[in-house]
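The structure appears below as structure tokens.
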Amino acid sequence: MAILNFKEILELIDIVAERGIAEIEIEQAGTKLRIQGKPSAPQVIHSYMNGQRDMPMPALPALAASGPVLSAKAQEDETDASLHVITSPIVGTFYRSPNPESEPFVTIGDHVSKGKVICIVEAMKLMNEIESDVDGEIVKVFPQNGQPIEYGEKLFAVRL
Amino acid sequence: MAILNFKEILELIDIVAERGIAEIEIEQAGTKLRIQGKPSAPQVIHSYMNGQRDMPMPALPALAASGPVLSAKAQEDETDASLHVITSPIVGTFYRSPNPESEPFVTIGDHVSKGKVICIVEAMKLMNEIESDVDGEIVKVFPQNGQPIEYGEKLFAVRL
Amino acid sequence: MISKVLIANRGEIALRVILACKEMGLKTVAVHSEADRDSLHVRYADEDVCIGPAPSRQSYLSISSIIAAAEITGADAIHPGYGFLAENAHFAEIASECGLTFIGPTPESIRLMGDKAKARETAKNAGVPILPGSEGPVKTFSDAADVARVIGFPVILKAAAGGGGRGMRICGAEADLQSAFETARSEAERAFGSADVYVEKYLERPRHIEIQVFGDSSGRIVSLGERECTIQRRHQKLIEESPSPAISQDMRQQMGDAAIRLCRTVNYKNAGTIEFLFQDGQFYFMEMNTRIQVEHPVTEEVTGIDMVKEQIRVADGQPLSVPDGDFRLRGHAMEFRINAEDPVTFAPHPGRIREFNCPGGPGVRVDTAAYRDYVIPPHYDSLIAKLIVRGKDRAETLARGRRALDLFIIEGVKTSIPLHRAILDDPRFIGGDFSTKFLDEFQW
Amino acid sequence: MISKVLIANRGEIALRVILACKEMGLKTVAVHSEADRDSLHVRYADEDVCIGPAPSRQSYLSISSIIAAAEITGADAIHPGYGFLAENAHFAEIASECGLTFIGPTPESIRLMGDKAKARETAKNAGVPILPGSEGPVKTFSDAADVARVIGFPVILKAAAGGGGRGMRICGAEADLQSAFETARSEAERAFGSADVYVEKYLERPRHIEIQVFGDSSGRIVSLGERECTIQRRHQKLIEESPSPAISQDMRQQMGDAAIRLCRTVNYKNAGTIEFLFQDGQFYFMEMNTRIQVEHPVTEEVTGIDMVKEQIRVADGQPLSVPDGDFRLRGHAMEFRINAEDPVTFAPHPGRIREFNCPGGPGVRVDTAAYRDYVIPPHYDSLIAKLIVRGKDRAETLARGRRALDLFIIEGVKTSIPLHRAILDDPRFIGGDFSTKFLDEFQW
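Protein chains in written order, with the working numbering: chain A, 1 to 160; chain B, 161 to 320; chain C, 321 to 764; chain D, 765 to 1208.
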């Protein structure tokens, strides 16, 4: 009986995929196995070579499902655990200031406290004020002013 | 960077599948991975539960394609290396004797020499005499007398 | 001119709309919840916007998120698909106010037909046969009892704002009426926010037959024949076919004319479906669905009309492409809804699809957004594929259905395939002799 | 009465025949080489027999093995598919002698039409237009030169026993005739065991248009309209459609009548195809294929006839199901041959299919025996799928073709999909204005 047979490895890959785990590592009876959830770029290139231009292979989604819900770009920024990321609760257009003339609500280096308005997301002609959900220092602003953003898209990184 | 990433494991599984290897084991930088090539029965049962009665899942063939060309039953008998298996070179009906009255060409325990006629395979009303391709002792007769057989089907096991 | 369509839906119907747009050279915007990031409708659309978390209320039912998604992507039209916001008059209104073409009927038509009592009234005034019953909602038990005595038991109590079986009670005798009346009202209250119920004659063994209609902005309205939707479980359609084995060309004409009369009175635009109960050679108006139906492919297969493209053309102000003159259905078509569910208990069975191999060959069509390794999320309905088979007659269609189901391989989740397969061997189904009771009585 | 059919073929056509048998309630026997043990045609047949090792000569071309397989399984009919033994008169003869119904024409028809010179002669006598050329094979160079001078250059030399481009030489001027004559003869000798070649007028920019015919045992013969097969690479068809954008209803009638005349003279039974060259409003007999064609689905889609089931019915002595009277094609259909090959060099590309996702939705049909993880063996032809799209007219069919190809995902092997996709954007193809030279001149 194998310590890890094909089916068990599949199990592991599925778990990694379904739970959105980036990487797992197993050590058991002298066996060591590591699986990474992120699909590898070459497959996409391959897809291109087959002339399926903008068409990802249908398995990719299932694999991508393994990744955390945040975008690939997001993942890099996750590395620093002391950073809190404020994401957009709604779909709309991102504005850093109440109107073109005025100053931005916050800039990098500012200390914000829970409840402070940090930006506006316009949707259906409504200006929705977005408040910080933590106390801390703004260390990064992700979208450009006036940029369209979707639900869950990263707005600010805050050092706690 | 992981020592074994998802893509590499797929590679391995493919290699196992394509080369028809029953099991492989890799030890590298303290990593140990074992994959068994044979598809596991439960999947078929599952297929039944889904009501796809005589319908194997389409991946099974590809995996089975990994197996040696001999049938599953064959594999068991392969274990004894000193056994030589004579397979049918044609499709037809297997007869152990030239006619119903007469004695079988060979029976278990007989010693046969290369070129001796050991059975008849009837196809298109023609009686095709099948000769032994080795010297040795008949230890097993696979088909029943009068049984239809396909190309490559096992006829006799001979101890060299 | 429509140039970019936002599809306010998910799953196979979202993909179906994308296919239609691609064939028309229109750009597409997919919206999706966090649970659907990796759905094919997201992959195949030109643009996609995440509009909220998995629960529908916060994503596919969030009008503001969807309109905002249209704004930031510059979409100029919205296709609602079926379910979710497809029959939400408010959504259609807001879309128009925001300068978006709503690919469907007017908010007024949606609102009117969404109110069952009003719809029934409208049908009656249009000279469409309706089941004897109360004039609108019955406020008190005694009102209900009076009506029931006149039309005779059994009767059925239905929520005025209802649908999908909730707020519905069948009552066989006067003794049971009081309790039935109260449960129906409280269910209706809970489900639709209105306790209004009305009383109707109850048919013991009806068929469910619906007429597909289409109206354009010139006021032209056509009928595309009927769909037989009698095979249902818990008021959910499972198998649909066209033509119906129970409907003659003359009856088709009568029902089509009735449907068109109704649409004329409300000046109906775009695709719609009038559902009738049919028993003993009589048909009775049940309700109207103001959207594309799940089962629209069976009509496409026997008419050769791409109904989704037709919806978009009509919404864009173009005339119907359907030719005038005596209209006949060509051949026969049948749809099997493949749900990820236990075929016996009907319990949903979400999870990862480990094998997925669709049947092909002549007369077989599959509409699906599923694929091998797709993970069916638990948040939405269990429909994972629609198998549509077409033949020169019903016999060939049944034969195709059997071999197509035999070769439709889905592993990893339980599906309704074995149930469909068993139904295709049932003598009563083969004979075309069945009622909405069929599945309740079906042994396998 | 046929009750069990052995399919003497592999791949998609073997599966196609199995589907037809399943719909007719007939048992099926698959035969396979050792390389095809795990093919779908083996999985889906009721019984299967391994008939030899991978090389075709020892398996799919081994008459004795196939007949023996029929004997041990008790099959009472053989469907030869296309290729392999499909046009082998000897095979058809032996099958009959062994009491097996050969699902195809008589050995006499196969033999006669297999000899190109004889076939040409027969066509001429039946009043079917043929290209000016030699009366049968030309034995010597001077004979060839005499004929060439009379009919005028360019001329083409063709192997009498030939097919598929081997033993064919085009010759533009008398100076080149000698060498062309000799190469053609030696190629013919090598390829077909007979050096006989004949001389024919060569058309510079012809279309390849074929007429589908069907005959039954009552002697009734019908034409099912034409297929446009002009898009070829190296004499291999790549895209086929019906109707042809170049053929009027009147021309369809003329060509159909000519095809029927030819079939009458040989009392033709079952499915057959008459290939014509078409240029400047004139059509010329090229050859007759005495079997089902790879491209039969396009005719099925515009006629609604299941041609494989029709083949079996007719072979079983039943009359043609095709109705009498003025025959018209309905809508438009196009087939794309998806080969596992480099789309630029056309080099075969066998191997493991890592992803396989077929398009669906309205008007899309896929005939294939491939699936994800299937290993394409190097021993056989490179066709892995046929994509057939159908629309109400050619424009809708082209639009469907584009979106279907865009959504047809095959990974792990190179395929002809990108080439098909590029052709669908070519103005000349879209305009229907092309000749057999199209692909030689195609830039992408």
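The beta-carbon is built from N, C-alpha and C at its ideal position, and this holds for glycine as well.
- With contacts defined by Cβ atoms closer than 9 Å, Tyr966(D) and Pro918(D) form a contacting pair.
- Contact of Val369(C) with chain A is assigned, a C-beta pair being separated by under 9 Å.
- For Cys418(C), at least one C-beta of chain A is nearer than 9 Å to its own C-beta.
- Beta-bridge partners assigned by DSSP to Thr1200(D): none are found.
- Sequence-distant partners of Ala959(D) (beyond 5 residues in either direction) whose C-beta falls short of 6 Å from its own C-beta, in its chain, are Arg949, Ala952, Glu953.
- When Cβ pairs closer than 8 Å are counted between the two stretches, the region 130-144 of chain A is seen to touch the region 107-119 of chain A, the count reaching three or more.
- The three-state secondary structure of Asn773(D), taken from DSSP, is coil.
- Below the 9 Å Cβ cutoff, chain C contributes Ala388, Glu391, Ile392 as neighbours of Thr93(A), in chain order.
- Counting along the chain, Ser860(D) sits inside the alpha helix (DSSP H) bounded by residues 853-861.
- Residue-level contact check: Gly136(A) does not touch chain C, since none of the beta carbons of chain C fall below 9 Å from its beta carbon.
- Against chain D, the beta carbon of Gly312(B) has neighbours under 9 Å at Glu798, Cys814, Gly816, Pro817, listed in chain order.
- Nearest Cα to Val1078(D) within the set Gly983(D), Met1098(D), Asp1189(D), Glu1004(D): Gly983(D).
- For the C-beta of Ser828(D), the chain B residues within less than 7 Å are, from N- to C-terminus, Ala283, Met284.
- Here Val977(D) is buried. Its C-beta has 16 or more other C-beta atoms within 10 Å.
- Approximately 15 Å separates the beta-carbon atoms of Ala1134(D) and Ile1152(D); this is outside 8 Å, ruling out the contact.
- Ranked by how close their Cα comes to the Cα of Pro249(B), the residues Arg319(B), Glu282(B), Val318(B) have Glu282(B) in first place.
- Listed in chain order, the positions of the region 675-707 of chain C with a beta carbon within less than 8 Å of a beta carbon of chain D are Asn677, Cys678, Gly680, Gly681, Pro682, Gly683, Val684, Arg685, Val686, Asp687, Thr688, Tyr691, Arg692.
- Taking a C-beta distance under 9 Å as the contact criterion, Ala1010(D) and Phe1042(D) qualify as a contact pair.
- Contact fails between the region 1109-1121 of chain D and the region 754-763 of chain C, because fewer than three Cβ pairs, one in each stretch, are under 8 Å apart.
- DSSP places Glu150(A) in the coil class of the three-state scheme, outside both helix and strand.
- Taking a 10 Å sphere around the C-beta of Thr904(D), we find fewer than 16 other C-beta atoms and assign the residue as exposed.
- Around the beta carbon of Asp1088(D), fewer than 16 other beta carbons lie within 10 angstroms, which makes this residue exposed.
- Remark: three or more beta-carbon pairs, one from each stretch, lie closer than 8 Å, so the region 843-855 of chain D and the region 1046-1061 of chain D are flagged as touching.
- In terms of CA proximity to Gln304(B), Leu315(B) leads the group Glu261(B), Glu297(B), Leu315(B).
- For Glu502(C), the enclosing alpha helix (DSSP H) covers residues 497-512.
- According to DSSP, Leu477(C) shares a beta bridge with Arg489(C), Val519(C).
- The closest CA to that of Gly681(C), considering only Gly1081(D), Leu988(D), Glu787(D), is found on Glu787(D).
- Identification of residues in the region 1081-1104 of chain D having a C-beta nearer than 7 Å to some C-beta of chain C yields Gly1095, given in sequence order.
- Every alpha helix (DSSP H) stretch that sits fully inside the region 802-837 of chain D and reaches 4 residues is listed by chain position as 804-808, 827-837.
- Taking the Cα of Phe666(C) as reference, the smallest distance to any Cα among Asn590(C), Thr735(C), Arg650(C) is reached at Thr735(C).
- For the region 1054-1080 of chain D, the residues whose beta carbon sits under 9 Å from a beta carbon of chain C are, in order, Pro1061, Glu1064, Glu1065, Gly1068, Ile1069, Asp1070, Met1071, Val1072, Lys1073.
- Of the residues assessed, Asp980(D) falls on the buried side of the cut-off, its CB having 16 or more other CB atoms within 10 angstroms.
- With a 10 Å radius around the Cβ and a threshold of 16 neighbouring Cβ atoms, Pro617(C) comes out buried.
- The criterion of a C-beta distance shorter than 9 Å is not satisfied by Glu263(B) and Cys814(D).
- It is roughly 27 Å from the alpha-carbon of Leu727(C) to the alpha-carbon of Ala340(C).
- Here Glu835(D) has no same chain residue with a Cβ atom under 6 Å from its own Cβ, once five neighbours each way along the sequence are excluded.
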